[in-house]
Structure formats: C-alpha cells, structure tokens
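Take the sequence shown: its letter number 204 is residue 238 in my numbering, and every next letter is one higher.
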Amino acid sequence: MSYVACPRCRLPSTQHYLPDEGVSYYDIGEICAIQEGTHVPVYEILKSGARSGPSTMFSPTVGVTSFASKVQRNDAYNPRPCVILDKAEKSSPDGRIIMICLMATFSRAGRLEDLPEVLQKFCIPFSPHDMCMNHPGIKHIHTTPEWQMRNTWIIAYRYGTFGKIRGRWQNRAPSSPTGSSYRLNGDMLALLNSICSQRKIQWEALSAQDPSLGKRCYEQYKVFRQNLWYKRQDQQENYIQKVTAHCDITSL
C-alpha cells in the first residue's frame, strides 16, 4: 500500500535543519538527546489516571510509591530522542524541569498491538513508520528533515522531567552537513500538542469510568518492559557471538 494519504509521506522533507550553536537554549520543537527511561512518562500517565477517579490501580503504600522508586533519572540511561516543548537553557543547573515528549522504538515495534495498552493509548507514529503505510490517514508526526530511524514512536504525553539534556539529536545521514539536527515545524508541533491534550482527556475519562484500567495497564507494562529487556539481552548476545565468530575466522 502506498503513502496516498499524506503528501509529506510521499515527498519527505530533505531540508536540513542547522541550528545556531551559539544560542544559549534548546528551542521549542527541537529534538534533543535526553537521559531518560521510557517508564518515566508511563509512570506520569498512570499517576494522572489515579487522580481522575476511584481507581484500584495503586494503594497508598504499594503501587505508585513502589513504581516511583524505580523511576530514577540518572546517568545509567543511554540518551534517547525527545521533543522540547519549552525553551531549555543550556547552562541551567541539574535539577531544572524541562517539558518534553519522549520518543522510543520499543525494539522497532511497527504495530500498535505490539505495545501494551497504556502505550497504545498514547503512542503516535513518527514517520517513516509501518503504521503510516498500513493505515493511511492515521495521525502521525514528520520532522524537518525527515527522521532517519524507521518505526519510532512518540509518547504523546507532555511532562516535566529532570533528565539531563545531552545536546541536540544529530542527523547522521551520509548527505547531512556537520551540525545537522531535527525539529518539528509549527504545524507538526501544533498537531502534537493537540494530540497530547486529546489523549490526556480521554485517558482521564477512561480512568474515571473503569476503576481497573490503571492496575491492568500497570501490570501489562511491567511484563512488556521485562520482555523488552530479555529481547535486548538476546540481541546483544547474538551480536557478540557473530563478532567472535568473525574474529575466529579472520585469525585462521
């Protein structure tokens, strides 16, 4: 199936984004590298649902508290992309709050049904993406220039984070000039903000109607996250085995 529904999918942007490195801040709509775990926005989503009604998701001493204890913002995380939603000063000390939407691949999951329920309700495809090809008309996000990694998602939930910004996300395409990065233009930023608002309202309404929603989503996400960890461990082991085998052959 072709990308008939979206002109920008048919003709992706090749315009380079070359930010002024001399400015003292990261601008709204820029894509930056942040040290943050994907469970942080999930925790924020679940917490917001717990405030919306008589949810059985968490008890005061077990649920949110135990989950929050695992939501550590520290240097252990590899940088991942995020969209900056408020100007963030580069020189601000650690401990500042930055408004973002986080991005993730979830091991290149190309379908919503590959994700747990809480992520299905908030994840939006970042073009290029299998969802855009298989579901023409689905809401999705484009960057300038076009994003290079297929099957990336953006978690359409705005939240403040203490995660450390490690610079702008670099465009490493062979044809890109030095210093090239990515950003969301005004129309895409407006679309993202609109989707964030809609999804938050829908989530809070569902949480109020279904007292079991939060607990169910919490349990599903824990299993999903654990399975992702095992999958990545297998991938790393397979890579090491291939490298080792190659070294053994070349040493003969």
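Glycine included, every Cβ here is placed at the ideal spot set by N, Cα and C.
Close-in-space but distant-in-sequence residues of the same chain around residue i (CB under 6 Å, 5 per side omitted)
i: residue 159; result: 165, 166 and 174
i: residue 172; result: 165
i: residue 194; result: 131 and 133
i: residue 63; result: 217, 218 and 223
i: residue 40; result: none
Beta-carbon proximity of residue i to residue j, cut-off 7 Å
i: residue 146; j: residue 133; result: no
i: residue 212; j: residue 47; result: no
i: residue 191; j: residue 203; result: no
i: residue 230; j: residue 187; result: no
i: residue 144; j: residue 111; result: no
i: residue 225; j: residue 141; result: no
i: residue 113; j: residue 69; result: yes
i: residue 43; j: residue 161; result: yes
i: residue 67; j: residue 201; result: yes
i: residue 255; j: residue 117; result: no
Residue i, DSSP secondary structure in three states
i: residue 82; result: helix
i: residue 246; result: coil
i: residue 171; result: coil
i: residue 233; result: helix
i: residue 200; result: strand
DSSP bridge partner residues for residue i (one or two, in chain order)
i: residue 194; result: 133
i: residue 114; result: 68
i: residue 147; result: DSSP, once it has assigned bridges, lists no residue as partnering residue 147.
i: residue 60; result: 122
i: residue 186; result: 160
i: residue 215; result: 51
i: residue 287; result: No answer is possible for residue 287: the residues shown for the chain start at 35 and end at 286.
i: residue 178; result: 217
Close-in-space but distant-in-sequence residues of the same chain around residue i (CB under 7 Å, 5 per side omitted)
i: residue 122; result: 59, 60, 132 and 199
i: residue 240; result: 247
Cβ-based neighbour list, residue i, same chain, cut-off 8 Å, excluding 5 preceding and 5 following
i: residue 235; result: none
i: residue 205; result: 50, 51, 179, 182, 214, 215 and 216
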